[in-house]
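Mapping of the first sequence onto UniProt numbering: position 412 corresponds to residue 412, and the numbering continues sequentially without gaps. Each remark here refers to the structure printed beneath this line.
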Amino acid sequence: MTGDHGHHQVESGARLNDSHKHKDKHKDKEHRHKDHKKDKEREKSKYTNSEHRDSSEKKHKDREKERVKHGEDSAERHKEKKREEKIKSHSSNGKHKREKENGYVSHIKTEEDNGYGYSPKPEKPMKRDRDEDELEYKPKKIKVEKENKVKKRKQEEEFDYYDEDVKPKKKSKGKKDDSAGGGKKKAKKEPEEKWKWWEEERCTDGSKWRFLEHKGPVFAPPYERLPENVRFYYDGKVMKLSEQAEEVATFFAKMLDHEYTTKDIFRKNFFKDWRKEMTSEEKSKISDLNKCNFTEMSEYFKAQSEARKQMSKEEKQKNKEENERLVEEYGFCLMDNHKERIGNFRIEPPGLFRGRGDHPKMGMLKRRIRPEDIIINCSKDSKHPKPPPGTKWKEVRHDNKVTWLASWTENIQGSIKYIMLNPSSRIKGEKDWQKYETARRLKKCVEKIRAQYREDWKSKEMRIRQRAVALYFIDKLALRAGNEKEEGESADTVGCCSLRVEHINLHPEMDGQEFVVELDFLGKDSIRYYNKIPVEKRVFKNLQLFLENKQLEDDVFDRLNTSILNKHLQELMDGLTAKVFRTYNASITLQQQLDQLTNPEDNLPAKILSYNRANRAVAILCNHQRAPPKTFEKSMQNLQAKIDAKKKQISAAKKELKSAKADAKAMHDEKSKKSVETRKKAVQRLSEQLMKLEVQATDREENKQIALGTSKLNYLDPRISVAWCKKWGIPIEKIYNKTQREKFAWAIDMADNDYQF
DNA sequence: CCCGGTACTTAGAAGCATGCCT
DNA sequence: AGGCATGCTTCTAAGTACCGGG
């Protein structure tokens with residue numbers, strides 16, 4: 001995005017000439033005008049473009065509308081300015097938190113470009129998983145699990161389920177969680193075997209449950225005032241704050257070490273909201289955040305957390321037990337006869353909003369949620385949760401078409417937050433399973449769909465070409481769909497359908513490759529996506545066409561949005577949406593990479609390295625990044641030191657071996673022969689240890705800024721991993737930790753070693 | 001269609017516990 | 001025994017998708 005000065009200047013010019021309100025309109029008009037010219041030109045060529053013009057007119061009208069709605073021209077101008085700045089500085093000054101220039105991205109993504117990126121292997125006749133067809137998308141039949149039985153049992157258990165049913169609380173977590181060996185003793189550990197919901201019929205009438213009972217959410221503890229000796233200073237003088245103002249001040253004080261608090265927007269938003277909490281006296285006194293001194297508070301909290309760490313074992317144990325009691329009481333619900341773990345039964349405490357990236361609302365006060373804000377969802381015939389004494393719920397409803405137990409509306413974005421079940425629950429697991437089944441159905445028709453969109457690149461209709469090129473990106477690059485977002489409500493991020501001209505650069509030739517598309521934009525969570533992709537000529541030409549006569553801030557796909565795209569996809573395959581491509585491509589990549597990278601001769605650590613590499617290929621495809629751990633360099637050095645030490649040991653051991661051999665040769669006696677053998681073994685053992693360390697170092701280095709967790713948890717069909725483990729005799733614990741094994745229990749139980757995605 | 005509203009998945013970072021090393 | 005690196009858990013923001021009503 002560097003060096004498009006032409007556009008930039010035009011834009012500035014427009015602003016200068018048109019200093020007030022109508023600036024944008026003006027620009028849009030001009031733009032449309034250009035479009036029109038362009039249309040004429042194009043008519044000469046084989047495209048039909050009237051549609052294009054209409055639609056771009058429409059989109060622009062919408063922008064106008066929005067501007068009118070927002071009223072504030074100044075706000076708009078501010079935004080324009082922001083964009084300009086961004087354009088200027090894009091890629092050149094630390095705008096992006098994390099630049100990722102590791103050759104990885106382009107390497108993996110561009111290798112062997114047959115137009116798809118993933119040379120699909122010739123599929124051998126797929127062995128069908130036994131469940132494959134059981135889980136068709138939206139089956140129409142209504143099946144209900146043994147209903148009467150359910151009802152009966154429910155009545156019986158209604159009031160004592162907390163002590164019975166599945167899941168003991170004991171979970172004495174027998175030291176280091178069974179990590180190594182597969183089979184360990186099961187003393188009285190597993191008396192009630194786990195419920196295998198995946199062996200039961202699914203209810204398909206659209207209801208999510210038949211019975212639901214829970215105790216409601218846990219509220220944030222009330223605010224406790226600071227001790228007298230912890231003071232706040234304004235303009236150098238001690239000032240006693242009212243309880244409300246003090247609470248909000250502590251939120252800020254707790255974040256003082258964070259760079260957030262140095263940001264202008266953060267400070268501005270915070271101060272504005274803080275003032276709302278002040279008494280009128282305070283308000284009149286405290287007018288400048290820069291004169292506020294929170295250091296005593298900050299020190300106090302630091303000391304507190306230090307003290308918490310220093311607590312004695314017994315105290316810690318007490319806290320832990322206290323917490324477990326809370327989990328036991330509020331952390332579970334009863335859903336259709338089964339005790340299920342709740343994911344987040346604690347209400348989010350008040351605090352300062354921390355958005356990600358350049359968030360316009362960072363620093364705003366997230367208000368405290370009270371029972372009066374909470375909507376409870378449960379069965380009519382269940383024991384309803386009680387609100388805390390002296391309070392009321394906002395509402396109690398009985399909607400079994402949804403899965404949540406409680407909800408409230410958050411005050412920053414006005415969005416709804418939910419309390420829902422844990423990933424190990426039936427309701428989440430079924431959905432997850434279904435997601436992978438949909439992706440597997442895509443596998444069966446993906447070639448057809450690819451052929452189709454390639455054909456569509458030639459369409460005479462602009463909207464179809466745009467749709468086809470966008471779909472190509474989504475398929476080949478695993479981009480997200482890119483819903484529209486409301487401007488100014490959140491950080492400026494995009495996905496495929498919302499890509500703007502400023503995010504894309506076309507290079508007819510680059511680094512010896514033809515038709516290179518350079519993508520550079522901030523995606524979800526403001527994570528930068530940067531990639532140079534050689535594409536087919538036709539795609540390239542289409543992109544040139546889409547960009548023609550547009551401004552930097554215009555949409556690349558001005559005739560497309562996610563709903564149009566998904567409607568189209570729905571016609572190609574039942575249940576197909578843009579995000580299915582991500583799941584599909586992630587899972588198929590894992591499977592292919594595992595096939596390719598696993599060397600049967602390898603030992604366990606090497607096989608696991610191969611797994612991690614396969615996982616990494618997926619994470620790179622999906623652009624799952626992380627901030628390099630703060631301790632990364634150091635930990636790398638430590639590891640290197642270990643390796644060096646090991647090498648020394650080995651050379652020493654080798655020397656000993658040599659001299660032992662010499663002895664043996666000279667002496668010819670049994671004892672010296674034995675000594676040679678022991679020494680040989682020692683060398684061997686050390687070499688193995690060295691290899692293990694080296695493998696570890698490689699793995700860690702390659703993982704520096706790649707996050708494997710997200711793909712593992714959300715994109716990779718767990719059955720692929722389970723099958724791989726079974727095939728190579730790898731303990732599943734090496735791949736999935738306890739939480740993950742709980743989430744993927746269904747897959748671990750059902751996948752055989754020959755499972756094919 | 002568009003738009004606001006809703007439900008649910010996906011995401012990285014912060015916070016925390018554990019276990020290893022010295 | 002204490003300090004700290006590590007991996008796991010928790011937290012909650014930020015996406016996708018879809019619906020229903022004008």
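In this text, a Cβ means the ideal position worked out from N, Cα and C, and glycines have one as well. Everything numeric in this text was worked out from a predicted model, so none of it was measured.
Residue span of the alpha helix (DSSP H) that contains residue i, given as start and end
i           : result
residue 408 : Where residue 408 is concerned, there is no enclosing alpha helix (DSSP H), although the beta strand (DSSP E) it sits in stretches over 406-409.
residue 758 : No answer is possible for residue 758: the residues shown for the chain start at 1 and end at 757.
residue 252 : 243-254
residue 632 : 632-667
residue 722 : 718-728
C-alpha gap between residue i and residue j, whole angstroms
i           : j           : result
residue 680 : residue 600 : 25 Å
residue 682 : residue 597 : 30 Å
residue 287 : residue 353 : 22 Å
residue 513 : residue 505 : 14 Å
residue 432 : residue 745 : 12 Å
residue 197 : residue 717 : 18 Å
residue 546 : residue 556 : 6 Å
residue 190 : residue 204 : At residue 190, the pLDDT of 43 sits below 50, so the modelled position is not reliable and the matter cannot be decided from this model.
residue 165 : residue 201 : Below a pLDDT of 50, predicted positions are generally treated as unreliable, and residue 165, at 39, falls in that range; no measurement from the model is reported.
residue 396 : residue 376 : 5 Å
residue 707 : residue 228 : 45 Å
residue 327 : residue 223 : 22 Å
residue 684 : residue 697 : 20 Å
residue 740 : residue 702 : 23 Å
residue 207 : residue 336 : 12 Å
residue 239 : residue 231 : 7 Å
residue 442 : residue 499 : 25 Å
residue 361 : residue 418 : 21 Å
Assigned secondary structure, residue i (DSSP; H/G/I helix, E/B strand, else coil)
i           : result
residue 688 : helix
residue 761 : The shown model of the chain, from 1 to 757, leaves out residue 761, and the question about it has no answer.
residue 749 : helix
residue 373 : helix
residue 333 : strand
residue 294 : coil
residue 515 : strand
residue 348 : coil
residue 701 : helix
residue 57  : Residue placement at residue 57 is poorly supported in this model, since its pLDDT is 41, which falls under 50; the coordinates are not used for a value here.
residue 576 : coil
residue 484 : coil
residue 395 : strand
residue 402 : coil
residue 592 : helix
residue 555 : strand
Member of the options whose CA lies at the smallest distance from the CA of residue i
i           : options            : result
residue 490 : 220, 656, 664, 358 : 358
residue 483 : 452, 229, 493, 673 : 493
residue 757 : 747, 626, 720      : 720
residue 752 : 263, 734, 723      : 723
residue 584 : 305, 711, 671      : 711
residue 209 : 415, 364, 317, 428 : 428
residue 356 : 637, 527, 649      : 527
residue 290 : 302, 283, 273, 267 : 267
residue 738 : 704, 713, 641      : 713
Close beta carbons around residue i, own chain, < 7 Å, minus the five adjacent residues each side
i           : result
residue 661 : 676
residue 256 : 294, 298
Element boundaries [beta strand (DSSP E), containing residue i]
i           : result
residue 568 : Per DSSP, residue 568 belongs to no beta strand (DSSP E); it is in the alpha helix (DSSP H), 562-572.
residue 476 : Unbroken run through residue 476 is the alpha helix (DSSP H), 462-477; no beta strand (DSSP E).
residue 505 : 504-510
residue 770 : In the structure as shown, the chain begins at 1 and stops at 757. Residue 770 is therefore absent and cannot be evaluated.
residue 260 : Residue 260 -> no beta strand (DSSP E), and no H or E assigned at all.
residue 233 : 232-234
Cβ-based neighbour list, residue i, same chain, cut-off 6 Å, excluding 5 preceding and 5 following
i           : result
residue 758 : Residue 758 lies beyond the range of the chain shown here (1 to 757); nothing can be said about it.
residue 608 : 734
residue 351 : 251, 366
Contacting residues, own chain, Cβ-Cβ under 8 Å from residue i (five flanking each side not counted)
i           : result
residue 606 : 599, 691, 695
residue 243 : 223, 225
residue 639 : 693, 696, 697, 700
residue 728 : 598, 600, 607
Residue i Cβ short of 6 Å to the ligand SAH heavy atom set
i           : result
residue 506 : With respect to the ligand SAH, the structure offers nothing, as it holds no ligand at all.
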